[in-house]
Amino acid sequence: MKNSNPEYLIFLGCTIPYRLPSYEISARKVLKTLGVKLVEMPDFNCCGFPVDPVNHELASALAARNLCLAEEKEMNILTLCNGCFGFLNKVNKMLKEDEGFRKKINEDLNEIGMEYKGKVEVKHLIHVLAEDVGFEKIRQNVKKSLSMIRVAQHTGCHLLRPSKYTLRDGLDGHTLLKELIELTGAECLDYVDEGECCGNPIIGVNEDIPFQMAREKLEHVKRVNAQALITVCPFCHIMYDLNQPLIERRFNERFRIPVLHYPQLLGLAMGFTPEELAINDLRVKPIELLNSIYNAE
Amino acid sequence: MADAEKLLLCFQCGTCTAGCPVSRFSSFYNPRRIARMVQLGLKDRLLSDAALWLCTTCYTCIDNCPQGVEVASIVRSLRSLSVKERRVMPLISKKLALNILKSGYAYIIPESRIRRRITHGLPHLPRSNLKQIAKLFEVTDFLDTIENAETFEKVEVKE
């Protein structure tokens, strides 16, 4: 049974409003049409993940504060970012399962008049699409089949691992994004090392290694002749789209692989125009991809 | 430390390093070696090892370990311990933490971008309760650390 009137508190995080409004714009459009009601958080803070390496307790308390704000609204959280999902979900599960940890974090929260009770759940966009909306309803909303294009997907680490926090009943994280892509009619191609990391989290201390990782990914995607790469995480997206020209210059290679947020791809299939989905915000312009879609008739 | 006692179960098979995307590009980062150094109690060497900061948190090592050792979680704990005891952290971490303290967000989002949300038809971006955020920094003992910690910009990879 699918949830006929799903309602979620949308947790935007920092990177999407700061650098990738195109992801938020396209996600809000498709979710609205698919009947998912998004409620704004009246107050929130960074999910906590960026400070986890330097202070685990602070990071967890920041995450827990967001969870408490959702508890006050009595609503589950929907994130668009893998980093926010991974961290809020992990801290939520640790707080539910580990009494000692919950006691410690609640002592911190008590100082700001809050208490974590463990009443909400955290989901990523792709979980809501699969579990609440359902494949059938998505299929019904596809007005323009994208059967003329071939793409590849990159799900991103924090939706896949550690599996003790990311496994969900009835869903296979490694194939879910593929299935969602195929609902649009597009072919989703397999390639080598699909689950491999984008490298973005260490780019602040070392550019060499992440750029080599991203270059390898783009090579693998190019080798199967994918016309675009589809992402569901702002960090992965920045690595492959915004940084693609840098990677091309650094290694003297030419990729020109457009990287679309999944809701942009789905939005095109649902009949939204490229303008409505902020597709022109992409660094690598998907000119040939759009030509294939609109000139196929 | 997260399930630290599990580290005793590590028999140095090297599955973590074999599957680590960072190790594939640089032998400077070697999770198997880090696990061994922890077993041997080489605390000073570990805490001053710049390679600690190269883990991307892809968590492949955690899912691959046949003994259930959470190598990436151990690396995270070592990073925190290093910051606490040596008072040194990456500049980027300090910047992100200061941004959160000042604005609630990991970046200082320019007013122009906040205003542009209206043109895009996006809802207003809420302001965080900064008093509460500052309090969380204080009670987790991080205000002083962040003001006084030394920073380094890059991790130089030595092969």
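In order, the protein sequence lines correspond to chains Y and F.
Just so we're aligned: the first sequence equals residues 1 to 297 in this note's numbering.
Just so we're aligned: the second sequence equals residues 298 to 456 in this note's numbering.
Note that beta-carbon positions come from the ideal geometry of N, C-alpha and C, so glycine has one too.
Cβ of residue i less than 8 Å from any chain F Cβ?
{"i": "residue 215/Y", "result": "no"}
{"i": "residue 145/Y", "result": "no"}
{"i": "residue 51/Y", "result": "yes"}
{"i": "residue 223/Y", "result": "no"}
{"i": "residue 161/Y", "result": "yes"}
{"i": "residue 172/Y", "result": "no"}
{"i": "residue 11/Y", "result": "no"}
{"i": "residue 206/Y", "result": "yes"}
{"i": "residue 239/Y", "result": "no"}
{"i": "residue 62/Y", "result": "yes"}
{"i": "residue 219/Y", "result": "no"}
{"i": "residue 227/Y", "result": "no"}
{"i": "residue 85/Y", "result": "no"}
{"i": "residue 153/Y", "result": "no"}
{"i": "residue 127/Y", "result": "no"}
Below 8 Å between beta carbons: does that hold for residue i and residue j?
{"i": "residue 360/F", "j": "residue 22/Y", "result": "no"}
{"i": "residue 38/Y", "j": "residue 28/Y", "result": "yes"}
{"i": "residue 358/F", "j": "residue 316/F", "result": "yes"}
{"i": "residue 85/Y", "j": "residue 36/Y", "result": "no"}
{"i": "residue 258/Y", "j": "residue 282/Y", "result": "yes"}
{"i": "residue 238/Y", "j": "residue 200/Y", "result": "yes"}
{"i": "residue 44/Y", "j": "residue 83/Y", "result": "no"}
{"i": "residue 382/F", "j": "residue 344/F", "result": "yes"}
{"i": "residue 356/F", "j": "residue 65/Y", "result": "no"}
Using a Cβ-Cβ cut-off of 7 Å (strictly less than) and excluding sequence neighbours within five positions of residue i, which residues of its own chain qualify?
{"i": "residue 119/Y", "result": "71"}
{"i": "residue 248/Y", "result": "254 and 255"}
{"i": "residue 183/Y", "result": "135, 138, 139 and 142"}
{"i": "residue 1/Y", "result": "The predicted position of residue 1/Y is uncertain, since its pLDDT is 47 and thus under 50; no value can be drawn from it."}
{"i": "residue 250/Y", "result": "211"}
Quick one: what's residue i bridged to in DSSP?
{"i": "residue 449/F", "result": "387/F"}
{"i": "residue 262/Y", "result": "Its beta-bridge partners do not exist; DSSP assigns none."}
{"i": "residue 153/Y", "result": "230/Y"}
{"i": "residue 38/Y", "result": "8/Y"}
{"i": "residue 168/Y", "result": "171/Y"}
{"i": "residue 84/Y", "result": "DSSP output for residue 84/Y lists no bridge partner at all."}
{"i": "residue 187/Y", "result": "150/Y"}
How would you write the range of the alpha helix (DSSP H) that residue i sits in, first residue to last?
{"i": "residue 109/Y", "result": "99-110"}
{"i": "residue 428/F", "result": "427-436"}
{"i": "residue 314/F", "result": "312-316"}
{"i": "residue 334/F", "result": "328-336"}
{"i": "residue 30/Y", "result": "21-33"}
{"i": "residue 353/F", "result": "Taken as a continuous stretch (DSSP letters only), residue 353/F belongs to no alpha helix (DSSP H), as it is neither H nor E."}
{"i": "residue 340/F", "result": "340-344"}
{"i": "residue 60/Y", "result": "56-73"}
Using a Cβ-Cβ cutoff of less than 8 Å, which residues in the same chain neighbour residue i once the five nearest sequence positions on both sides are dropped?
{"i": "residue 333/F", "result": "307 and 309"}
{"i": "residue 410/F", "result": "none"}
{"i": "residue 363/F", "result": "310 and 312"}
{"i": "residue 443/F", "result": "391, 394, 395, 398 and 434"}
{"i": "residue 456/F", "result": "323, 324 and 325"}
Within 8 Å (strictly less), CB to CB, does residue i reach chain Y?
{"i": "residue 363/F", "result": "no"}
{"i": "residue 301/F", "result": "no"}
{"i": "residue 471/F", "result": "Any property of residue 471/F remains undetermined from this structure, which presents chain F solely from 298 to 456."}
{"i": "residue 429/F", "result": "yes"}
{"i": "residue 359/F", "result": "yes"}
{"i": "residue 455/F", "result": "no"}
Just reading off the beta strand (DSSP E) that residue i is part of, what are its end residues?
{"i": "residue 11/Y", "result": "7-11"}
{"i": "residue 417/F", "result": "Taken as a continuous stretch (DSSP letters only), residue 417/F belongs to no beta strand (DSSP E), as it is neither H nor E."}
{"i": "residue 122/Y", "result": "122-124"}
{"i": "residue 77/Y", "result": "77-79"}
Go through its chain and collect everything with a Cβ distance to residue i's Cβ below 6 Å, but skip five positions before and after it.
{"i": "residue 25/Y", "result": "278"}
{"i": "residue 328/F", "result": "313, 314, 317, 358 and 368"}
If you measure beta-carbon to beta-carbon, which residues of the region 308-333 of chain F are closer than 7 Å to chain B? No chain B appears in this structure, whose protein chains are Y and F.
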